[in-house]
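Enquirer: Residues in the sequence shown are numbered from 2 upward in steps of one, following our numbering. Glycine included, each C-beta is placed from N, C-alpha and C at the ideal position.
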Amino acid sequence: MLEKTFQHIPGVGEKTEEDLWSQGCDSWQRYLENPGDFIVSPLHRKRLHAGVLESKCRLEEFDHEYFRRLLGTSLSWRAYNQFKDHACYLDIETTGLSPRDSHVTTVCLHSSRETKNYVLGENLNELKSDLQDYGYIVTFNGARFDLPFLRAKLAIPFPHIHLDLMQALHRLGYRGGLKYIEKQMGIRRETDGVGGLDAIHLWNAYRYGTTAEILGEKVRGKEALSLLIQYNREDTVNLVELAENTVKLLENTLKTK
Numbered sequence: 002m003l004e005k006t007f008q009h010i011p012g013v014g015e016k017t018e019e020d021l022w023s024q025g026c027d028s029w030q031r032y033l034e035n036p037g038d039f040i041v042s043p044l045h046r047k048r049l050h051a052g053v054l055e056s057k058c059r060l061e062e063f064d065h066e067y068f069r070r071l072l073g074t075s076l077s078w079r080a081y082n083q084f085k086d087h088a089c090y091l092d093i094e095t096t097g098l099s100p101r102d103s104h105v106t107t108v109c110l111h112s113s114r115e116t117k118n119y120v121l122g123e124n125l126n127e128l129k130s131d132l133q134d135y136g137y138i139v140t141f142n143g144a145r146f147d148l149p150f151l152r153a154k155l156a157i158p159f160p161h162i163h164l165d166l167m168q169a170l171h172r173l174g175y176r177g178g179l180k181y182i183e184k185q186m187g188i189r190r191e192t193d194g195v196g197g198l199d200a201i202h203l204w205n206a207y208r209y210g211t212t213a214e215i216l217g218e219k220v221r222g223k224e225a226l227s228l229l230i231q232y233n234r235e236d237t238v239n240l241v242e243l244a245e246n247t248v249k250l251l252e253n254t255l256k257t258k
């Protein structure tokens with residue numbers, strides 16, 4: 002979808018993009034082959050030619066910072082398929098809602114290469130350097146929660162293209178949390194019934210030796226941490242299928258030829 006996109010070019014808006022699509026200009030390559038075939042203003046023609054040429058070069062280099070800057074959050078989904086091999090999926094668990102008085106307890110980072118869990122007091126500080134291997138990041142509510150938390154606690158800058166699936170799904174009319182939307186889309190999980198508050202109890206059971214009752218079972222110590230990691234892992238791995246579904250649904254809303 003990225004190579005069908007024109008409105009990321011400075012000075013080119015949604016209407017011009019739709020006009021190009023309606024004239025059969027459905028890709029950067031199609032425009033460059035015969036730019037004179039398409040009716041646009043002289044000013045737009047100049048901007049388009051320069052912008053398309055630069056976009057092609059930047060995509061060949063997988064320059065994620067260039068596309069992050071020009072696509073913004075509303076169009077970031079259009080780069081998903083092109084950057085999929087450079088993408089990671091991220092979810093965090095915390096002791097509360099505010100980074101001012103709460104801590105990140107576990108993080109899961111999933112990609113086509115590996116799935117890695119990070120635990121406070123063990124390897125959490127490795128996350129910052131590991132994220133440098135990726136140019137695209139997928140979260141659910143990450144713009145308001147996960148990324149601000151990690152910026153505050155680990156000083157991670159996040160120069161990645163960011164697809165926040167909650168925001169993208171809101172544009173499609175979906176409401177509710179991750180588990181609710183997963184069920185709507187038929188995505189299953191082994192830890193069904195475990196929620197965010199349970200994640201806090203599990204961490205406390207591990208860290209402070211208390212007992213957490215989860216789904217009728219009492220757990221503590223390493224068993225509690227193991228269940229927390231599994232829950233965090235499912236939150237993250239399930240983002241892959243959710244992202245695939247979301248991008249397809251968004252593509253279907255466009256007036257492309």
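Could you give the uninterrupted runs of the alpha helix (DSSP H) lying entirely in the segment 217-255, keeping only those of 4 residues or more?
Expert: Here the runs fully enclosed are 222-253.
Enquirer: Tell me, which residues are paired with ASN142 by DSSP?
Expert: As a position in the sequence shown, residue 142 is number 141, starting the count at 1. Partner(s): none; ASN142 has no beta bridge.
Enquirer: Quick check: the Cα distance between GLU123 and LEU151, rounded to an integer number of angstroms?
Expert: The residue given as residue 123 occupies position 122 in the sequence shown. The residue given as residue 151 occupies position 150 in the sequence shown. Using only the alpha carbons, I get a separation of about 16 Å.
Enquirer: Drop a sphere of 10 angstroms on the beta-carbon of SER75, count the other beta-carbons inside from all chains shown, and report buried for 16 or more, exposed for fewer.
Expert: In the sequence shown, the residue the question calls residue 75 occupies position 74. When all chains shown are included, SER75 counts as exposed.
Enquirer: Tell me whether HIS171 is buried or exposed, calling it buried when 16 or more other Cβ atoms sit within 10 Å of its Cβ.
Expert: Here residue 171 refers to the residue found at position 170 of the sequence shown. Burial call: exposed.
Enquirer: Residues in the same chain with beta-carbon distance under 8 Å from ALA231, minus the five sequence neighbours each way, listed in chain order, please.
Expert: In the sequence shown, the residue the question calls residue 231 occupies position 230. For the record, residue 231 in the displayed sequence is Gln; it is not Ala. Around GLN231: GLU191 and THR192.
Enquirer: Do GLY194 and LEU216 have their C-beta atoms within less than 7 Å of each other?
Expert: Start at 1 with the first residue of the sequence shown, and residue 194 comes out as number 193. Start at 1 with the first residue of the sequence shown, and residue 216 comes out as number 215. Yes, the pair counts as a contact, with Cβ atoms nearer than the cut-off.
Enquirer: Which same chain residues, not among the five before or five after VAL53, have their C-beta less than 8 Å away from its C-beta?
Expert: Locating residue 53 in the sequence shown gives position 52, where the first residue counts as 1. Around VAL53: PHE7, ILE10, TRP29, TYR32 and LEU33.
Enquirer: Quick check: what's the CA-CA separation for GLU251 versus LEU240?
Expert: Mapped onto the sequence shown, residue 251 falls at position 250. Mapped onto the sequence shown, residue 240 falls at position 239. In the sequence on display, residue 251 carries Leu and not Glu. Rounded to the nearest angstrom, the two C-alpha atoms are 16 Å apart.
Enquirer: In angstroms with no decimal places, state the Cα-to-Cα distance between GLY177 and LEU98.
Expert: For the purposes of this step, residue 177 is taken as the residue at position 176 of the sequence shown. For the purposes of this step, residue 98 is taken as the residue at position 97 of the sequence shown. So the two alpha carbons sit approximately 17 Å from each other.
Enquirer: Just to confirm the assignment, what range does the beta strand (DSSP E) spanning ASN35 have?
Expert: Your numbering for residue 35 matches position 34 in the sequence shown. Neither: ASN35 is in no beta strand (DSSP E) and is coded neither H nor E.
Enquirer: What does the alpha-carbon distance come out to for the pair LYS154 and HIS104?
Expert: Stepping through the sequence shown from its first residue, residue 154 is reached at position 153. Stepping through the sequence shown from its first residue, residue 104 is reached at position 103. Cα to Cα, the separation comes out at about 8 Å.
Enquirer: Considering only the alpha carbon of each residue, which of LEU128, THR106, THR17 and VAL248 lies closest to TRP204?
Expert: Translated into positions along the sequence shown, residue 204 becomes position 203. Among LEU128, THR106, THR17 and VAL248, the Cα nearest to that of TRP204 belongs to THR106.
Enquirer: Taking 7 Å as the threshold (C-beta atoms), are ASP165 and GLY143 in contact?
Expert: Within the sequence shown, residue 143 is the residue found at index 142, counting from 1. Within the sequence shown, residue 165 is the residue found at index 164, counting from 1. In this structure, ASP165 lies closer than 7 Å to GLY143 by Cβ.
Enquirer: In terms of alpha-carbon separation, which member of LEU60, ALA206 and VAL120 lies closest to TYR81?
Expert: Counting from 1 along the sequence shown, the entry for residue 81 is found at position 80. When only C-alpha atoms are compared, the closest one is LEU60.
Enquirer: Check whether the segment 35-53 touches the segment 81-93, taking contact to mean three or more Cβ pairs, one atom from each stretch, closer than 8 Å.
Expert: In short, these stretches do not touch, since the Cβ pair count stays below three.
Enquirer: With distances taken Cα to Cα, identify the nearest neighbour of TYR181 among LEU121, LEU243 and ALA200.
Expert: On the sequence shown, residue 181 is found 180 positions in, with the first residue counted as 1. Nearest C-alpha to TYR181: LEU243.
Enquirer: Between ARG101, SER42, ASN35 and LEU3, which lies nearest to ASP20 when the distance is taken from Cα to Cα?
Expert: Reading the sequence shown from its first residue, position 19 is the one you call residue 20. Among ARG101, SER42, ASN35 and LEU3, the Cα nearest to that of ASP20 belongs to SER42.
Enquirer: Tell me whether THR74 sits in a helix, a strand or coil according to DSSP, three-state version.
Expert: On the sequence shown, position 73 is the one that residue 74 refers to. Reduced to three states, the DSSP call for THR74 is coil.
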